[in-house]
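Note that full-length UniProt numbering has the sequence shown beginning at 1, numbered continuously upward.
Every residue gets a Cβ at the ideal spot worked out from N, C-alpha and C, and that includes glycine.
Read through the structure below, which is laid out as structure tokens, and then see the notes.
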Amino acid sequence: MAATSSASDTGDHRGRHPPERRLLILGGPRSGKTSSANTILGDEMFDAGTETTHSNVGQTEIYGRRVTVVDTPSWAIPADPEDDEEPDTDDNAGAESDSPARPQPSLDSEGPCMGAILCPPGPHAILLVVSITQPFSDRERKAAEEQLGALGGGTWRYCMVLFTGVDKLPKGVFIEEHIANTGETLQWLVERCGSRYHAFDNTLKDSEENTQVPELMEKVEEIVTDNQGWYFEVNELILLEEEQARRALEEERMRMEEHARQREQMIGGPPRELRLLLLGWKGVGKSSVGNSILGRRFFESGQETELCLRRQALVCGRRITIVDTPGWDWFSVSRTPKRIRQESQRGAALLRPGPHTLLLVLPVVSSLTARKRRTLLAHIETLFGDNACLHTMVLFSCGDWLGHTPIEEHILRGGRELQRLLEYCGNYYHVLDSKTPGKDRSVSLLLDRIEEMIRENGDRAFLPIQTEWLSEESSYSSDNTEPEDDCRGCQLQ
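The following block contains the structure:
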């Protein structure tokens, strides 16, 4: 259902941020979704050369307006029982490809509609990406209807068709002629979107003559105007239920393939995935730590993190997924804004089915008082529950400050409060030098330490996400009361 827009949506410049527009990008395999997202953002923010398995969010400013773009995994195209042969690769030579033609579902991936959660409280426009080099058949039509139906009622009035690969059109042929000549199914899609469409050539470089992005944003404004300034309100609980049902089906399928999968791992199959959530106070270097682990500048360091950001890379033979989160207040849970607390929980929910490790980032140069320690533990237990201690590891940042001093000696000098914090975490800790991303051997040792924690936790290898983490009505402590004692019974078994 729709909700009335806020002051930032209506262009009220009295707010701290420029007026915002939120775009959700959906589409089938090889449609050019990721390339289109990069075109809108004006930068190669997403990797268009690999399959998109999880939704990712990027932001930019266009003419003073903040624009949030969410790229999503391809929606599944129903298999045609009459198709016994794979399509010839030459047929798709001109298509923009950001995923295989028919991606195999996996528990490591998520449904495309989950991307709607990344642009809260909901998208102003839903861009349905269609490549002109790919046929839009009845199977694609059913897939589009199924995905939009999963989002909820009333989605079509926020939709626009975004055609890609227009550089492949014959000379002198315009997109309108392509729509008219392609067939009834594509015409149905355009009409279903209120005859709203736009065409992208993602091969164009930035230039003064390249007006396709500003023209797209003008059409987005028309959608907002047609909907009286409203956006599509995302029901996160319904989406979570849809995702859980989808994952249940995938679990059943994968259970049938378990024996083959184990054998594949024995002979060097796909890398193991580790899901990590960065947590801690404001200004402790969480983003820099994330960049060091992934070996690349994925997160913007040196400025305050406002929204959760998820990034993934292959590191030391493992697939590492990290979510960076906004920082907490140093002295009180109640002084951490509710929006920030909800964003921390949302970050954990982005690591489905749950994070293996909560990395509590603590600068080596900071001193830990009793009040600071209690505040850290209160944040963790309030947001993630009493069992979160089983999955929490202290990650010391600014490790270069230690010089030749062993971290164990630093812990002894740090006093009883630091030692009590480490005891809460089962004495799982590591030190990282964030000034040498990707080159520090300590990254490999950190991942080994995380896997040791996972093995120690046995059948509780990760912290399962909770439905209330996506609820706007999540309960928080409203006073300054914080636990004085350590968590009891939290030692790893």
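Quiz item: Is proline 29 buried or exposed, if buried means 16 or more other CB atoms sit within 10 Å of its CB?
Solution: Numbered from 1 along the sequence shown, position 29 holds the residue referred to as residue 29. Around the CB of proline 29, 16 or more other CB atoms lie within 10 Å, so the residue is classed as buried.
Quiz item: CB-CB under 7 Å to threonine 392, same chain, minus the five flanking residues each way: which ones, in chain order?
Solution: Reading the sequence shown from its first residue, position 392 is the one you call residue 392. Same-chain partners within the cutoff: Leu358, Leu360, Ile380, Cys425.
Exercise. Taking the CB atoms as reference points, tell me whether leucine 162 and leucine 189 lie closer together than 7 Å.
Key: Numbered from 1 along the sequence shown, position 162 holds the residue referred to as residue 162. Numbered from 1 along the sequence shown, position 189 holds the residue referred to as residue 189. No, the Cβ-Cβ distance between leucine 162 and leucine 189 is not below 7 Å.
Quiz prompt | CA-to-CA distance, glutamate 177 to leucine 395, given in whole angstroms | solution = Stepping through the sequence shown from its first residue, residue 395 is reached at position 395. Stepping through the sequence shown from its first residue, residue 177 is reached at position 177. When rounded, the distance between both Cα atoms is 58 Å.
Practice problem: Mind checking which residues open and close the beta strand (DSSP E) that includes isoleucine 320? | Solution: The residue you call residue 320 lines up with position 320 of the sequence shown. That run of the beta strand (DSSP E) goes 318-324.
Quiz prompt | Same chain, Cβ closer than 6 Å to arginine 196, neighbours up to 5 away in sequence not counted | solution = Against the sequence shown, residue 196 aligns to sequence position 196. Met160, listed in sequence order.
Quiz item: What is the DSSP secondary structure of residue 526, reduced to helix, strand or coil?
Solution: With the chain covering only 1 through 493, there is no way to say anything about residue 526.
Quiz item: Is glycine 354 near the ligand COA, going by C-beta to nearest heavy atom under 6 Å?
Solution: Ligands displayed in this structure: none; no statement on the ligand COA is therefore possible.
Quiz item: Does the stretch 413-428 come close enough to the stretch 363-383 that 3 or more CB-CB pairs lie under 8 Å?
Solution: Yes, the stretch 363-383 is in contact with the stretch 413-428.
Quiz item: Would you say arginine 373 faces chain D, with C-beta separation under 7 Å as the test?
Solution: The structure shown contains no chain D, having only a single protein chain.
Practice problem: May I ask you to verify whether the stretch 335-350 touches the stretch 288-304, counting CB pairs closer than 8 Å and requiring at least 3? | Solution: Because the criterion of three Cβ pairs below 8 Å is not met, the stretch 335-350 and the stretch 288-304 do not touch.
Quiz prompt | Inter-residue Cα distance where the pair is arginine 66 and glutamate 423 | solution = On the sequence shown, position 66 is the one that residue 66 refers to. On the sequence shown, position 423 is the one that residue 423 refers to. Using only the alpha carbons, I get a separation of about 44 Å.
Quiz item: Can you round the beta-carbon distance between asparagine 235 and glycine 152 to whole angstroms, since I take them to be within the 8 Å contact cut?
Solution: Walking along the sequence shown from the start, residue 235 turns up at place 235. Walking along the sequence shown from the start, residue 152 turns up at place 152. For asparagine 235 against glycine 152, the beta-carbon gap comes to about 6 Å, under 8 Å, which counts as contact.
Exercise. Within 10 angstroms of the Cβ of glutamate 20, are there 16 or more other Cβ atoms? Answer buried if so, exposed if not.
Key: If you number the sequence shown from 1, residue 20 lands on position 20. Around the beta carbon of glutamate 20, 16 or more other beta carbons sit within 10 angstroms, so the residue counts as buried.
Exercise. Would you grab the beta carbon distance between aspartate 324 and glycine 290 for me? Rounded to a whole angstrom, and I think it's under 8 Å.
Key: Your numbering for residue 324 matches position 324 in the sequence shown. Your numbering for residue 290 matches position 290 in the sequence shown. Right, their Cβ atoms sit about 5 Å apart.
Quiz item: How many angstroms separate the CA atom of aspartate 138 from the CA atom of threonine 185?
Solution: One-based indexing of the sequence shown puts residue 138 at position 138. One-based indexing of the sequence shown puts residue 185 at position 185. For the pair aspartate 138 and threonine 185, the Cα-to-Cα distance works out to about 6 Å.
Quiz item: With which residues is proline 363 paired in a DSSP beta bridge?
Solution: Working through the sequence shown from its first residue, we reach residue 363 at position 363. BP columns for proline 363 point to Ser397.
Quiz item: What's the call for residue 571, buried or exposed, on a 16-neighbour Cβ count within 10 Å?
Solution: There is simply no residue 571 to check, as the chain begins at 1 and stops at 493 in what is shown.
Quiz item: Of the choices Gly154, Gly115, Ala199, Leu307, whose alpha-carbon is the least far from that of proline 132?
Solution: The sequence position of residue 132 within the sequence shown is 132, counting from 1. The amino acid occupying residue 132 in the given sequence is isoleucine; proline does not appear at that position. Checked all of Gly154, Gly115, Ala199, Leu307; the closest Cα to isoleucine 132 is Ala199.
Quiz item: DSSP beta-bridge partners for cysteine 159?
Solution: By one-based count along the sequence shown, residue 159 stands at place 159. DSSP, once it has assigned bridges, lists Ile126 as partnering cysteine 159.
Self-check item: Delimiting residues of the alpha helix (DSSP H) encompassing leucine 422
Solution: In the sequence shown, counting from the first residue as 1, residue 422 sits at position 422. 416-424 is the span of the alpha helix (DSSP H), which, as asked, contains leucine 422.
Quiz item: Under three-state DSSP, which class holds valine 190?
Solution: By one-based count along the sequence shown, residue 190 stands at place 190. Looking at valine 190 - three-state DSSP - the assignment turns out to be helix.
Practice problem: Kindly indicate which three-state DSSP category glutamate 215 falls into: helix, strand or coil? | Solution: Taking the sequence shown and counting its residues from 1, the one referred to as residue 215 is at position 215. Looking at glutamate 215 - three-state DSSP - the assignment turns out to be helix.
Quiz prompt | Three-way DSSP call (helix, strand, coil) for threonine 164 in this model | solution = Start at 1 with the first residue of the sequence shown, and residue 164 comes out as number 164. Threonine 164: strand per DSSP, three-state reduction.
Exercise. Under the assumption that glutamate 321 contacts arginine 275 (Cβ atoms under 8 Å), give the Cβ distance between them as a whole number of angstroms.
Key: As a working note, residue 321 is residue 321 in the sequence shown. As a working note, residue 275 is residue 275 in the sequence shown. According to the sequence displayed, residue 321 carries threonine and not glutamate. Their Cβ separation, rounded to whole angstroms, is 5 Å, which keeps threonine 321 and arginine 275 in contact under 8 Å.
Practice problem: For leucine 351, name the three-state secondary structure that DSSP assigns. | Solution: The residue labelled residue 351 in the question sits at position 351 within the sequence shown. The answer is coil: DSSP assigns leucine 351 none of H, G, I, E or B.
Quiz item: Where does the unbroken beta strand (DSSP E) through histidine 198 begin, and where does it stop?
Solution: Looking up residue 198 in the sequence shown gives position 198. Start and end: 197-199.
Quiz item: Is asparagine 457 helix, strand or coil when you go by DSSP?
Solution: In the sequence shown, counting from the first residue as 1, residue 457 sits at position 457. Residue state, collapsed to three classes: helix.
Quiz item: How big is the Cα-Cα spacing for aspartate 47 and glycine 32?
Solution: On the sequence shown, residue 47 is found 47 positions in, with the first residue counted as 1. On the sequence shown, residue 32 is found 32 positions in, with the first residue counted as 1. Separation of aspartate 47 and glycine 32 (C-alpha to C-alpha, rounded to the nearest whole angstrom) is 11 Å.
Quiz item: Using DSSP with H/G/I as helix, E/B as strand and the rest coil, what is proline 19?
Solution: Translated into the one-based positions of the sequence shown, residue 19 becomes position 19. Coil, per DSSP.
Quiz item: Are leucine 23 and valine 69 close, meaning C-beta to C-beta below 7 Å?
Solution: The residue you call residue 23 lines up with position 23 of the sequence shown. The residue you call residue 69 lines up with position 69 of the sequence shown. With contacts defined as CB atoms closer than 7 Å, leucine 23 and valine 69 qualify as a contacting pair.
Quiz prompt | Top-ranked residue by Cα proximity to arginine 157, from Asp201, Ser397, Glu191, Ala150 | solution = In the sequence shown, the residue the question calls residue 157 occupies position 157. Among Asp201, Ser397, Glu191, Ala150, the Cα nearest to that of arginine 157 belongs to Glu191.
Quiz item: Shortest alpha-carbon distance to histidine 356 belongs to which of Pro121, Tyr231, Asp459?
Solution: In the sequence shown, the residue the question calls residue 356 occupies position 356. When each option's Cα is compared against that of histidine 356, the closest is Asp459.
Self-check item: Cα-Cα separation, valine 333 to arginine 339
Solution: Your numbering for residue 333 matches position 333 in the sequence shown. Your numbering for residue 339 matches position 339 in the sequence shown. In this structure, the CA atom of valine 333 is about 12 Å from the CA atom of arginine 339.
Self-check item: Three-pair Cβ contact test at 8 Å for the stretch 402-410 versus the stretch 301-314
Solution: In short, these stretches do not touch, since the Cβ pair count stays below three.
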